[in-house]
Amino acid sequence: MIHDLSVEHHPISSLFADVNHRTLAEYQLHPKQVDFFHEYGYLSGVRILSDEQLEALGQELARLLDASPEERALFYEYNSNESTDPNHVLFHALGAWRIAPGFHDLLWHPAFTVPAAQLLGGSVRFWHDQLFCKPAHHGGLVAWHQDYSYWTRTQPLAHLTCWIGLDDSNRENGCLHYIARSHHWPDLPITGLAGDMSAINAVLNEEQRREFQHPVAVELKKGEASFHHPRLVHGSFANHSDHSRRATVINVMKDGVRSASNEPLLQGIPAIPAGEKVEGRFFPLLYAPAARS
112 MIHDLSVEHH
122 PISSLFADVN
132 HRTLAEYQLH
142 PKQVDFFHEY
152 GYLSGVRILS
162 DEQLEALGQE
172 LARLLDASPE
182 ERALFYEYNS
192 NESTDPNHVL
202 FHALGAWRIA
212 PGFHDLLWHP
222 AFTVPAAQLL
232 GGSVRFWHDQ
242 LFCKPAHHGG
252 LVAWHQDYSY
262 WTRTQPLAHL
272 TCWIGLDDSN
282 RENGCLHYIA
292 RSHHWPDLPI
302 TGLAGDMSAI
312 NAVLNEEQRR
322 EFQHPVAVEL
332 KKGEASFHHP
342 RLVHGSFANH
352 SDHSRRATVI
362 NVMKDGVRSA
372 SNEPLLQGIP
382 AIPAGEKVEG
392 RFFPLLYAPA
402 ARS
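To get the working numbering, take the position in the sequence shown, counting from 1, and add 111.
In structure tokens:
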């Protein structure tokens, strides 16, 4: 029987034990980095994982790509191929933290939680994780979208996404692309996550369409992360290179966000009534910065 790690609200392995030799201040972003995030809606190039940690997570991911039925039952979503194009493959899953110790413990890693608290402006509560895998030569795309379009069942908007590369990511293998400053746009309707990159045009005005002439390609070394605002429009193109493009994503919220739905916030878990604080077994508090005296 598989142990559901959602009951463990602390690290359970030694994968991130090296953090005991560092102070939390060493993980803090420079104020200029925080200012950049608020102006442009993203911050890239933040080192999160060591080579040893990358190796361990890569091994766990290889197993999860061929998860057993019992393991799949713990995922909120598990799509061996979410691409709408039969000639491309996009593996996408939510819930690895419940199955794999490394992906579980990553949530509490201060290289992630300390910057996240700075960008959120408060305590960091877990929302959900994701895995994205684009195989070499025929990896599928992720269409332009805003994350919060999928998250309006939680309010107010006080969320943050951290995209962590498990491979080097570049233009050739389908790296992230951002539309800078689009986090100032209103909420956009959902136009599909794995279909047509041009689908978003149907819900944009002329001024917004012009911004797509200058997308920002976010090329990262493996182990580096990019943080972005939940309204920032982003996507990634297909992978036609000789190399895979694997990533894990941690989505978090500022402590105090509430449910805006009487339906379960994630598939297969108990509902949190509308108006009540999002917390409990499936939404642990990851980090609370020390109060300033």
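C-beta atoms are modelled at their ideal positions from N, C-alpha and C, and glycine is treated no differently. Note that this is a predicted model, so its numbers are computed, not measured.
Close-in-space but distant-in-sequence residues of the same chain around residue i (CB under 8 Å, 5 per side omitted)
i    : result
Y398 : W219, P221, T224, V225, A227, A228, S234 and V235
S263 : A small correction: the amino acid at residue 263 is Thr; Ser does not occupy that position in the sequence shown. Here the set comprises D298 and A371.
T302 : A254, W255, H256, A310, I311, A313 and V314
Check: residue i C-beta below 8 Å from any heavy atom of the ligand HEM
i    : result
A178 : This structure lacks the ligand HEM; in fact it carries no ligand of any kind.
Length of the line joining the Cα atoms of residue i and residue j
i    : j    : result
H256 : F214 : 25 Å
S404 : Q319 : A caution first: S404 carries a pLDDT of 41, below 50, which makes its placement in the model too unreliable to give a value.
S124 : D216 : 7 Å
F323 : I290 : 7 Å
L242 : R174 : 13 Å
K333 : N190 : 23 Å
H248 : D307 : 18 Å
I380 : F393 : 8 Å
T359 : R321 : 30 Å
P212 : E317 : 47 Å
A313 : Q164 : 42 Å
Distance CB(residue i)-CB(residue j) smaller than 9 Å
i    : j    : result
P267 : V368 : yes
P375 : A385 : no
N281 : G250 : no
G206 : L172 : no
Y187 : L343 : no
E335 : I275 : yes
F237 : V130 : no
L230 : V327 : no
H340 : T265 : no
G210 : E182 : Note that residue 210 corresponds to Ile in the displayed sequence, not to Gly. Cβ distance < 9 Å, so I210 and E182 count as in contact.
A305 : E193 : yes
V118 : L140 : no
Residue closest to residue i, alpha-carbon to alpha-carbon, out of the options
i    : options                   : result
H325 : N316, H351 and S293       : S293
D279 : F147, S260 and S337       : S337
W208 : D115, S260 and N198       : D115
G346 : F237, F147, L252 and H149 : L252
G232 : T359, I380, H149 and T134 : H149
K143 : L135, S155, R133 and T195 : S155
P400 : H120, N373, E390 and Y138 : Y138
H199 : K388, F348 and I361       : F348
Contact belief for residue i with residue j at Cβ below 8 Å, rounded distance in angstroms
i    : j    : result
S355 : C244 : 7 Å
L377 : H203 : Between H203 and L377 the Cβ distance is about 14 Å, and since that is not below 8 Å, they are no contact.
A167 : L135 : Actually they do not touch by this definition, with Cβ atoms about 23 Å apart.
S260 : P300 : 7 Å
Chain-order list of residues whose beta-carbon lies under 6 Å from that of residue i (same chain, five-residue window excluded)
i    : result
N350 : K245, G250, N284, G285 and R356
Sequence-distant residues of the same chain with beta carbon closer than 7 Å to residue i, five excluded per side
i    : result
L396 : S234, R236 and D366
K388 : G367 and R369
S352 : A247, E283 and N284
L277 : L165, L168, G169, L172, K333, R357, A358 and T359
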